[in-house]
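Number 161 marks the last residue of the sequence shown (the working numbering); no jumps. Cβ coordinates follow ideal geometry from the N, Cα and C atoms, glycine included. Notes follow once the structure below has been shown.
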Amino acid sequence: METLAPVRLQRLASFLPWALVSLILLWGGQLGSDPSDKVIGYGGAAVLAVVSYRAARMRLMLGDEVVVVGWFRTRRVPWSEVEKFVVTERGLAMRMRGGLEEQIPAFPMGGWLFRSMRDSMRADLERVCAKAEQARRGRRGRK
Numbered sequence: 019m020e021t022l023a024p025v026r027l028q029r030l031a032s033f034l035p036w037a038l039v040s041l042i043l044l045w046g047g048q049l050g051s052d053p054s055d056k057v058i059g060y061g062g063a064a065v066l067a068v069v070s071y072r073a074a075r076m077r078l079m080l081g082d083e084v085v086v087v088g089w090f091r092t093r094r095v096p097w098s099e100v101e102k103f104v105v106t107e108r109g110l111a112m113r114m115r116g117g118l119e120e121q122i123p124a125f126p127m128g129g130w131l132f133r134s135m136r137d138s139m140r141a142d143l144e145r146v147c148a149k150a151e152q153a154r155r156g157r158r159g160r161k
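So this is what it looks like as structure tokens:
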């Protein structure tokens, strides 16, 4: 099984802010004297700890089926449903049979903040797309 994931620095940049806010909320929960402070602090810290963990784990796995690990769920897609992988203005996507496109959360294009880096991001996404397409063509040849 081949795993396609963002580069380590990008994963760290996705994980670190959520983890930092989680620690701040945890600290606030410890310092708070009111029960609602504790609920918000500890509850928020727990939620953001899960978000930071998922942010670091997002990836695309290509094996007997396509496995998309996203923010909220892991989705398994049979190769027979995948028409091709494409790079859109929003990032890497799977074009499914029937024309629907499913965005792959691990490989976004980036928002308005990253406009100056879009050419570099597009080049990186094109490389990932080529690897995914190569795996898809290889799977199609086996069946």
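Report task. Report the three-state DSSP secondary structure of Met139 (helix, strand or coil). Result -> Mapped onto the sequence shown, residue 139 falls at position 121. Looking at Met139 - three-state DSSP - the assignment turns out to be helix.
Requested in this report: Can you give me the Cβ contacts of Val16 inside the same chain, cut-off strictly under 7 angstroms, excluding the 5 residues immediately before and after it?
Outcome: Residue 16 lies beyond the range of the chain shown here (19 to 161); nothing can be said about it.
**Report entry** Supposed close pair Arg91, Glu83 - CB separation, criterion 8 angstroms
**Finding:** Numbered from its first residue, the sequence shown carries residue 91 at position 73. Numbered from its first residue, the sequence shown carries residue 83 at position 65. Contact doesn't hold; Cβ gap of about 15 angstroms is too wide.
Query raised in the report: Can Gly62 and Leu43 be called in contact, C-beta distance under 7 angstroms?
Result: By 1-based counting over the sequence shown, the position of residue 62 is 44. By 1-based counting over the sequence shown, the position of residue 43 is 25. Yes.
Query raised in the report: Who are the near neighbours of Glu101 in its chain, counting only those whose CB is closer than 7 angstroms to its CB and skipping five residues on each side?
Result: In the sequence shown, residue 101 corresponds to position 83, counting from 1. Arg113, Met114 and Arg115.
Query raised in the report: Which ranges does the beta strand (DSSP E) cover as unbroken runs of at least 3 residues, wholly within the region 56 to 96, from first to last along the chain?
Result: Correct list: 77 to 80, 84 to 87 and 92 to 95.
Report task. Apply the 10 Å Cβ neighbour rule to Gly81 and answer buried if 16 or more other Cβ atoms are within range, or exposed otherwise. Result -> Here residue 81 is taken as the residue at index 63 of the sequence shown, counted from 1. With fewer than 16 other Cβ atoms within 10 Å, it is exposed.
Requested in this report: Go through its chain and collect everything with a Cβ distance to Val105's Cβ below 7 angstroms, but skip five positions before and after it.
Outcome: As a first step, residue 105 must be located in the sequence shown, where it is residue number 87. Taken in chain order, the residues that qualify are Arg140, Leu143, Glu144 and Cys147.
Query raised in the report: Is the CB-CB distance between Val69 and Leu78 below 7 angstroms?
Result: Residue numbering aside, residue 69 sits at position 51 when the sequence shown is read from its first letter. Residue numbering aside, residue 78 sits at position 60 when the sequence shown is read from its first letter. No. Outside cutoff.
Query raised in the report: Taking Cβ to Cβ, would you say Ala64 is nearer than 7 angstroms to Ser32?
Result: Position 46 of the sequence shown, counted from the first residue, corresponds to residue 64. Position 14 of the sequence shown, counted from the first residue, corresponds to residue 32. Cβ atoms of Ala64 and Ser32: not closer than 7 angstroms.
Query raised in the report: DSSP puts Lys149 in a beta bridge; with which residues?
Result: Here the question's residue 149 lines up with position 131 in the sequence shown. In DSSP, Lys149 forms no bridge with anything.
**Report entry** Identified DSSP bridge partners for Cys110
**Finding:** By 1-based counting over the sequence shown, the position of residue 110 is 92. The question names Cys, but residue 110 in the sequence shown is Leu. Leu110 has Val105 as its beta-bridge partners, per DSSP.
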